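K.L.:
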Amino acid sequence: MSQPFTLVGTARPKPERAEELKRLLLSFVEPTRQESGCLEYHFHEDRDEPGVFVFYEAWRSQADLDAHLALPHMQAFWERRMDYLETDLDIRFLTMHSPYQPADRTGPTGR
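Written as structure tokens, this is what we have:
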């Protein structure tokens with residue numbers, strides 16, 4: 001397998017919309033993980049800055065990410081994202097230099 005197409009994104013919500021945005025972004029996790037081109041999709045909250053959300057995504061290809069972003073719920077989010085955010089999403093596209101090893105989906109203990 002070639003190296004995945006990876007990115008890290010940071011969302012800084014308006015304080016009054018943080019919990020609502022958190023719920024919305026969490027609702028994207030499982031459906032996104034079911035998409036054929038999704039290798040990894042993780043949603044985090046910054047420990048040092050509660051209310052700042054960070055997501056890590058690994059896709060089989062740029063085309064798979066593009067297909068994800070074209071889905072109706074993603075288009076709807078993109079169009080209204082600034083209703084939730086203080087500043088626009090900070091998205092960084094990454095080049096993976098280490099060998100790709102798929103995430104173990106059996107859980108943290110590997111069982």
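Counting in UniProt numbering, the sequence shown runs from 1 upward without gaps.
Positions of the beta carbon are idealized from the N, C-alpha and C atoms, including for glycine.
Owing to the predicted nature of the structure, the values given are computational and were not obtained by experimental measurement.
Helix, strand or coil: which one does DSSP assign to Thr95?
P.N.:
Judged by DSSP in its simplified three-state form, Thr95 adopts coil rather than helix or strand.
K.L.:
Given a cut-off of 8 Å on the beta-carbon distance, is the pair Gly9 and Leu89 in contact?
P.N.:
yes
K.L.:
Could you pull out every residue in the same chain whose Cβ sits closer than 8 Å to the Cβ of Trp78, ignoring the five residues on either side in sequence?
P.N.:
Close CB contacts of Trp78 within its chain, under the 8 Å cut and outside five residues either way in sequence, are with Leu69 (chain order).
K.L.:
Pro50: which of Leu71, Leu21, Arg33, Glu40 sits nearest, CA to CA?
P.N.:
Leu21
K.L.:
Around the C-beta of Leu65, are 16 or more other C-beta atoms found within 10 angstroms, so that it is buried, or is it exposed?
P.N.:
buried
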